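I have placed the structure first, in the form of structure tokens, so that the comments after it can refer back to it.
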Amino acid sequence: MNSPDASALHTWKSSCGLSASEILRIISATSSGKIDLASAYCLLLMELGRGLLFIWILAILSFHHCSSNANARYHYHKKHKPKGSPGKSPVHVPAPPKNPDPPSIPSDPYPNDPGDTTGSIFDVTSYGAVGDGCSDDTAAFMEAWKAACAVESATVLVPSDKVFMITSAIFPGPCKPGLALQVDGVLMPPDGPDCWPKADSRQQWLVFYRLNDMKLTGNGVIEGNGQKWWDLPCKPHRGPNGSTLPGPCDSPTMIRFFMSSNLVVSGIKIQNSPQFHMKFDGCEGVLIEKLLISTPKLSPNTDGIHIGNTKSVGIYNSMISNGDDCISIGPGCSDVHIEGVTCGPSHGISIGSLGVHNSQACVSNITVRNTVIRESDNGVRIKTWQGGTGSVSGISFENIQMENVRNCINIDQYYCLQKACLNQTSAVYVRDVQYRNIKGSYDVRNTPIHFACSDTVACTNITMADVELMPHEGELMEEPFCWNAYGIEETLSIPPIGCLLKGMPHAITESSQYSCSNENGRF
1 MNSPDASALH TWKSSCGLSA SEILRIISAT SSGKIDLASA YCLLLMELGR GLLFIWILAI
61 LSFHHCSSNA NARYHYHKKH KPKGSPGKSP VHVPAPPKNP DPPSIPSDPY PNDPGDTTGS
121 IFDVTSYGAV GDGCSDDTAA FMEAWKAACA VESATVLVPS DKVFMITSAI FPGPCKPGLA
181 LQVDGVLMPP DGPDCWPKAD SRQQWLVFYR LNDMKLTGNG VIEGNGQKWW DLPCKPHRGP
241 NGSTLPGPCD SPTMIRFFMS SNLVVSGIKI QNSPQFHMKF DGCEGVLIEK LLISTPKLSP
301 NTDGIHIGNT KSVGIYNSMI SNGDDCISIG PGCSDVHIEG VTCGPSHGIS IGSLGVHNSQ
361 ACVSNITVRN TVIRESDNGV RIKTWQGGTG SVSGISFENI QMENVRNCIN IDQYYCLQKA
421 CLNQTSAVYV RDVQYRNIKG SYDVRNTPIH FACSDTVACT NITMADVELM PHEGELMEEP
481 FCWNAYGIEE TLSIPPIGCL LKGMPHAITE SSQYSCSNEN GRF
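Heads up, the sequence shown is in the UniProt record's numbering, so the first residue is 1 and it goes up one at a time.
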């Protein structure tokens with residue numbers, strides 16, 4: 001090591017507070033390898049003095065790096081949570097907010113948001129229904145209905161593998177929309193009039209009242225237990241020697257929809273009703289599809305589907321066999337479409353009866369198409385009483401297959417349930433009726449085409465096209481019958497229809513009693 005000059009000695013002396021002789025001694029000791037700790041320290045300070053600024057910068061960077069690592073340890077990821085509990089975070093964490101007070105219960109019993117109950121299933125067995133076919137399950141059904149009625153898109157479930165007996169009941173609305181009664185088991189009334197509660201109405205069994213957007217569906221059976229009702233001596237031809245005896249003869253309609261809208265009946269099997277199977281009164285927007293109705297051929301007054309004062313109805317892809325009309329359309333109906341129905345044995349598909357007790361009847365815009373009618377007393381029929389008023393108009397029967405049917409095509413304005421009814425001067429006005437592509441076979445006991453119109457109010461604008469009806473047995477062909485019926489034969493019919501009057505009658509009664517306010521679709 002070289003000896004320091006005077007300038008260096010002055011610097012060391014200032015830094016360490018040593019005399020010049022002491023500094024020289026340290027240098028000498030350093031050269032010989034002999035140095036004490038204090039001297040070495042002083043020498044180190046002098047050497048490092050030159051790099052003080054550099055060391056200061058490194059210290060700052062090192063401190064910043066260590067601080068970042070410390071903070072990072074407190075922000076670990078959930079997927080890589082370290083063992084043990086982390087130390088206390090240097091960052092102040094605010095306390096969690098206090099839970100808000102629960103909302104007050106609205107005064108409306110049907111809150112806007114039904115919560116988790118939307119679309120709930122209300123099983124009648126959860127409300128006490130037994131389902132053994134003997135116990136009275138009426139109360140349980142009513143409780144389930146009441147609960148479901150308050151919930152949107154709810155389902156009242158009648159579970160499978162059980163038989164539920166309930167007495168006459170009214171299922172009222174209004175209810176939340178989307179309500180369904182799903183019958184997967186068997187549902188039935190008491191067995192016959194002797195078991196029917198005296199306090200209950202004998203007019204109807206199940207009534208659905210003032211409902212909107214409701215559905216009756218399921219894979220089960222609604223059984224009517226009708227046999228004991230049919231056997232009452234007051235029923236037609238049930239008395240001794242085929243007579244009908246006087247006496248109370250009220251029998252319940254099985255299912256009735258009253259003053260309701262947007263209804264769907266689908267997939268269900270309904271059988272053995274004491275009287276009508278289904279009625280729709282004062283309803284609008286009805287869809288019936290994939291329905292099976294079954295009752296013996298000789299069961300009296302067991303209409304399959306009856307609609308009255310109802311509009312916008314569709315009946316599709318269903319099978320009906322019974323002891324009366326498969327489908328009957330009463331007064332006050334419009335915009336009815338029937339398609340894909342197999343009917344029979346039965347009394348066919350009927351408009352009417354209309355005008356009973358001199359009443360007004362208005363029916364318009366009815367279409368029956370792509371149907372099969374077999375082994376029936378009538379095919380497609382319009383029936384009115386003498387003395388009625390109003391009109392039947394805009395009727396279309398098309399693409400219909402007849403199989404051994406009596407009275408395949410029939411307009412009867414002398415309908416009467418007794419042997420003799422007096423003619424009257426007024427009648428329901430029948431007009432604008434089309435029969436197109438109606439083919440098949442007829443029972444030779446009656447003529448296949450029968451137009452018996454009123455003496456005073458003729459039927460007008462009847463159209464026949466592609467009608468071919470052959471006798472079911474034998475080769476003798478019956479001639480059609482016409483009375484005061486006006487219309488045209490667009491194509492040659494079999495049998496030929498030579499009895500239709502051409503043009504229009506000389507005088508059609510210009511009276512308000514033969515016009516209807518529903519001709520524009522309103523009642």
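Ideal Cβ placement from N, Cα and C applies to all residues, glycine included.
Keep in mind that this is a model prediction, so the values were computed, not measured.
TODO: Measure the alpha-carbon distance for L181 versus R381 and round it to whole angstroms.
DONE: When only Cα atoms are considered, L181 and R381 end up about 34 Å apart.
Open item on the list: Can you tell me whether N212 is helix, strand or coil according to DSSP?
Closed with: strand
TODO: May I ask you to report which of helix, strand or coil DSSP gives Y429?
DONE: strand
Task: Cβ pair count under 8 Å reaching 3, the region 254-265 against the region 274-290 - done: Yes: the two stretches touch, three or more of their Cβ pairs being nearer than 8 Å.
Task: Pairwise C-alpha distance: N407 and Y514 - done: 27 Å
- [ ] Could you tell me if P233 is buried or exposed, where buried requires 16 or more neighbouring beta carbons within 10 angstroms of its beta carbon?
- [x] exposed
Open item on the list: Check for me: the beta strand (DSSP E) holding T253 runs from which residue to which?
Closed with: T253 to F258
Open item on the list: On the CB-based measure, 16 or more other CB atoms within 10 Å of its CB, does T371 come out buried or exposed?
Closed with: buried
Task: Unbroken beta strand (DSSP E) run spanning Q401, endpoints - done: T389 to V405
- [ ] Pick helix, strand or coil for S515, following the three-state DSSP scheme.
- [x] coil
Open item on the list: Only counting the same chain, and skipping five residues up and downstream in sequence, which positions put a Cβ closer than 6 Å to that of I305?
Closed with: M278 and I327
TODO: Could you tell me whether the Cβ atoms of E468 and K502 are closer together than 8 Å?
DONE: no
- [ ] Starting from the C-beta of V130, find all residues in its chain whose C-beta is less than 7 Å away, skip the five residues before and the five after it, and write them out in chain order.
- [x] D137
TODO: Please confirm if the region 208-226 is in contact with the region 174-188, defined as three or more CB-CB distances below 8 Å between the two stretches.
DONE: yes
Task: Nearest-angstrom Cα separation, counted from T253 out to G352 - done: 18 Å
Task: Segment limits, alpha helix (DSSP H) that includes K146 - done: DSSP places K146 inside the alpha helix (DSSP H), whose first and last residues are T138 to C149.
- [ ] Compare the beta carbon distance of M470 and I494 with 8 Å and say whether it is the shorter of the two.
- [x] yes
- [ ] Give the secondary structure of residue 526 by DSSP, where H, G and I count as helix, E and B as strand, and everything else as coil.
- [x] One cannot answer for residue 526 here, as it falls past the ends of the chain, which runs 1 to 523.
Open item on the list: Rounding to the nearest angstrom, what Cα-Cα distance links K235 and T310 in this structure?
Closed with: 28 Å
- [ ] Measuring alpha carbon to alpha carbon, tell me which of G133, V163, Y127 and C134 ends up nearest K146.
- [x] Y127
TODO: Assign S299 to one of two classes, buried (16 or more other C-beta atoms within 10 Å of its C-beta) or exposed (fewer than that).
DONE: buried
Task: Nearest-angstrom Cα separation, counted from I366 out to G390 - done: 16 Å
- [ ] Within its chain, find whatever has a CB closer than 6 Å to the CB of Q401; leave out the 5 residues flanking it on each side and keep chain order.
- [x] V372 and G440
Task: Euclidean distance between Cα positions of N461 and R436 - done: 14 Å
Open item on the list: V151 and V124 - do their beta-carbons sit closer together than 8 Å?
Closed with: no
Open item on the list: Can you tell me whether N219 is buried or exposed? The criterion is at least 16 other CB atoms within 10 Å of its CB, across all chains shown.
Closed with: The residue is exposed, with fewer than 16 neighbouring Cβ atoms inside 10 Å.
Task: Delimiting residues of the alpha helix (DSSP H) encompassing W229 - done: Q227 to W230
- [ ] Just the C-alpha distance for G394 and Q424, rounded to the nearest angstrom, thanks.
- [x] 25 Å
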